[in-house]
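Engineer: Quick one: structure below, then a few questions.
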Amino acid sequence: MAGFLYMPNTTHLNSTTSLSYCIVVRCGPNQQSQSLSALQFTHELLAQGHSVMRVFFYQQAVLIASSLTVVPQDEANLTLQWQALAQEYQLELGVCIAGALHNGIVNPQECERYQLEAANLAQGFQLVGLGQLAAASVECDRLVSFGA
Amino acid sequence: MSCLISLSQSPYGSRSAKESLDAALVMAAFEQNPGLLFIDDGVLQLLPKGQQPSPHKHIGKIISALEMYDIEELWVETESLQELGLQVEQLSQPVKLICRQQLSELWSKYDQHLVF
Chain A
132 MAGFLYMPNT
142 THLNSTTSLS
152 YCIVVRCGPN
162 QQSQSLSALQ
172 FTHELLAQGH
182 SVMRVFFYQQ
192 AVLIASSLTV
202 VPQDEANLTL
212 QWQALAQEYQ
222 LELGVCIAGA
232 LHNGIVNPQE
242 CERYQLEAAN
252 LAQGFQLVGL
262 GQLAAASVEC
272 DRLVSFGA
Chain B
27 MSCLISLSQS
37 PYGSRSAKES
47 LDAALVMAAF
57 EQNPGLLFID
67 DGVLQLLPKG
77 QQPSPHKHIG
87 KIISALEMYD
97 IEELWVETES
107 LQELGLQVEQ
117 LSQPVKLICR
127 QQLSELWSKY
137 DQHLVF
């Protein structure tokens, strides 16, 4: 079971209907292929005209929101790719705040609150509570999570 | 709206068990009525005795708080229990047993399924 989640009991919808999705990403930059799957799946949803109400980064995936990661030129830079996708489609990129703080990902407010040396949350990402995952799961038609 | 959360990680090997239980508690707080399925090493989260995990978070204490959050549907996969050489009487909470073949039936009872 590779961390897949779905809603089988929603109203029957034909293939041309546009659905609202929430994407949960639990795998980080070190699980390259899974992380890429999440990105590509989201990209494809949007390309096919579905809406993505929120992408929620949890567990290892919070590391994708660091602006201080240096990726070799011949490897995929997940941070940049999510940012580009978010900008193109006005996506909401929510990062679990507890996980972010634990992994050294902070925005200017948290930086000030905890008197840290620097803030490094990448542009386009925002720190949110786990409640945003629960809220999105109530509102969306489909919730799909990536990460083993 | 109901949500099944599968917990397959051992309690202290990584932060995953803690984080998945956090998600369960928040789902419950949002009245999502989550059920929990303990599977594979996740069954170990239900072992009550001799947990002295300091300095880690005490998983057993989070488990014992589930009832307070009205999380009452606790499922344990029979095969996982057997593979770990455990008996259902050894677990800290009253649980319902379900065998591997019936899992898809369980999944279909819930609107959503979140796997950790």
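The listed protein sequences correspond, in order, to chains A and B.
Sequential numbering from 132 applies to the first sequence in my numbering.
Sequential numbering from 27 applies to the second sequence in my numbering.
We treat Cβ as the ideally placed atom computed from N, Cα and C, and that holds for glycine.
By the DSSP assignment, the alpha helix (DSSP H) with Ser-106/B in it spans what residues?
Structural biologist: As a first step, residue 106/B must be located in the second sequence, where it is residue number 80. Counting along the chain, the alpha helix (DSSP H) containing Ser-106/B begins and ends at 104–109.
Engineer: Quick check: the stretch 122–137 of chain B against the stretch 77–94 of chain B, are there 3 or more CB pairs under 8 Å?
Structural biologist: no
Engineer: I want to verify the contact list: residues of chain B whose CB lies under 8 Å from the CB of Ala-266/A, in sequence order.
Structural biologist: What you label residue 266/A is simply residue 135 of the first sequence in a count that begins at 1. Neighbours of Ala-266/A in chain B, taken as residues whose beta carbon is under 8 Å from its own, are Phe-56 in chain order.
Engineer: Would Gln-113/B be called buried (16 or more neighbouring beta carbons within 10 Å of its own) or exposed?
Structural biologist: Position 87 of the second sequence holds residue 113/B. Under this definition Gln-113/B is an exposed residue.
Engineer: Which residues, in order along the stretch 31–60 of chain B, keep a beta-carbon less than 8 Å from a beta-carbon of chain A?
Structural biologist: Ser-32, Ser-34, Arg-41, Ser-42, Glu-45, Asp-48, Ala-49, Val-52, Met-53, Ala-55, Phe-56 and Gln-58
Engineer: In whole angstroms, what is the alpha-carbon distance linking Ser-214/A and Ser-198/A?
Structural biologist: For the purposes of this step, residue 214/A is identified with residue 83 of the first sequence, where counting begins at 1. For the purposes of this step, residue 198/A is identified with residue 67 of the first sequence, where counting begins at 1. With the sequence shown as reference, residue 214/A is identified as Gln, and Ser is not the correct amino acid for it. Each residue's Cα considered, the two are about 11 Å apart.
Engineer: On the three-state DSSP scale, how would you describe Phe-256/A?
Structural biologist: Locating residue 256/A in the first sequence gives position 125, counting from the first residue. If DSSP states are grouped into helix, strand and coil, Phe-256/A belongs with the strands.
Engineer: Does chain A have any CB closer than 7 Å to the CB of Met-27/B?
Structural biologist: Reading the second sequence from its first residue, position 1 is the one you call residue 27/B. Yes, Met-27/B counts as interfacial toward chain A.
Engineer: Can you tell me which of the three DSSP states Glu-83/B falls into?
Structural biologist: Mapped onto the second sequence, residue 83/B falls at position 57. Per the sequence shown, the amino acid found at residue 83/B is Lys instead of Glu. It is coil, neither helix nor strand.
Engineer: For Leu-222/A, which residues of its own chain have a beta-carbon under 7 Å away from its beta-carbon, when the five flanking residues on both sides are left out?
Structural biologist: By one-based count along the first sequence, residue 222/A stands at place 91. Excluding sequence neighbours, Leu-222/A sits near Val-183, Val-186 and Leu-216.
Engineer: Are there 16 or more other CB atoms within 10 angstroms of the CB of Asn-161/A, so buried, or fewer, so exposed?
Structural biologist: Translated into the one-based positions of the first sequence, residue 161/A becomes position 30. With fewer than 16 Cβ atoms within 10 Å of its Cβ, Asn-161/A is classed as exposed.
Engineer: Go ahead and pull the three-state DSSP assignment for Ile-228/A.
Structural biologist: As a position in the first sequence, residue 228/A is number 97, starting the count at 1. In the structure shown, Ile-228/A adopts helical secondary structure according to DSSP, grouped into three states.
Engineer: With Cys-29/B as the anchor, note down where its beta strand (DSSP E) starts and where it stops.
Structural biologist: The count along the second sequence starts at 1 and reaches residue 29/B at position 3. That run of the beta strand (DSSP E) goes 29–33.
Engineer: I need the straight-line Cα distance from Ala-178/A to Gln-116/B, nearest angstrom please.
Structural biologist: Stepping through the first sequence from its first residue, residue 178/A is reached at position 47. Stepping through the second sequence from its first residue, residue 116/B is reached at position 90. If I take the Cα positions, the gap works out to 51 Å.
Engineer: So, at 7 Å on beta carbons, what are the nonlocal neighbours of Thr-141/A in its own chain, with the 5 sequence-adjacent residues on each side left out?
Structural biologist: By 1-based counting over the first sequence, the position of residue 141/A is 10. A caution first: Thr-141/A carries a pLDDT of 48, below 50, which makes its placement in the model unreliable, though a value can still be read off. Same-chain partners within the cutoff: Asp-272.
Engineer: What do you get for His-233/A, buried or exposed, if any count of 16 or more other CB atoms within 10 angstroms of its CB means buried?
Structural biologist: On the first sequence, position 102 is the one that residue 233/A refers to. Counting every other CB atom within 10 Å of its CB across the protein chains shown gives His-233/A a total below 16, marking it as exposed.
Engineer: CA-CA distance, Ile-89/B and Thr-148/A?
Structural biologist: The residue given as residue 89/B occupies position 63 in the second sequence. The residue given as residue 148/A occupies position 17 in the first sequence. Each residue's alpha carbon lies about 41 Å from the other.
Engineer: Would a C-beta distance cut-off of 7 Å place Leu-30/B and His-139/B closer than the cut-off?
Structural biologist: Position 4 of the second sequence, counted from the first residue, corresponds to residue 30/B. Position 113 of the second sequence, counted from the first residue, corresponds to residue 139/B. Going by C-beta atoms, Leu-30/B is nearer than 7 Å to His-139/B.
Engineer: Helix, strand or coil for Tyr-189/A? Go by DSSP, reduced to three states.
Structural biologist: Reading the first sequence from its first residue, position 58 is the one you call residue 189/A. The answer is coil: DSSP assigns Tyr-189/A none of H, G, I, E or B.
Engineer: With 16 as the cutoff for other CB atoms within 10 Å, does Asp-205/A come out buried or exposed?
Structural biologist: Residue numbering aside, residue 205/A sits at position 74 when the first sequence is read from its first letter. Exposed, because fewer than 16 other Cβ atoms sit within 10 Å of the Cβ of Asp-205/A.
Engineer: Run through DSSP, which three-state label would His-139/B get?
Structural biologist: Translated into positions along the second sequence, residue 139/B becomes position 113. Looking at His-139/B - three-state DSSP - the assignment turns out to be strand.
Engineer: Can you tell which of Ser-28/B, Ser-118/B, Tyr-38/B and Val-102/B has the C-alpha that lies nearest to the C-alpha of Phe-64/B?
Structural biologist: By one-based count along the second sequence, residue 64/B stands at place 38. If we check each option's Cα against that of Phe-64/B, Val-102/B comes out closest.
Engineer: Could you tell me whether the Cβ of Gln-71/B comes closer than 7 Å to any Cβ of chain A?
Structural biologist: Here residue 71/B refers to the residue found at position 45 of the second sequence. Taking Cβ atoms only, chain A never reaches closer than 7 Å to Gln-71/B, which makes this a no.
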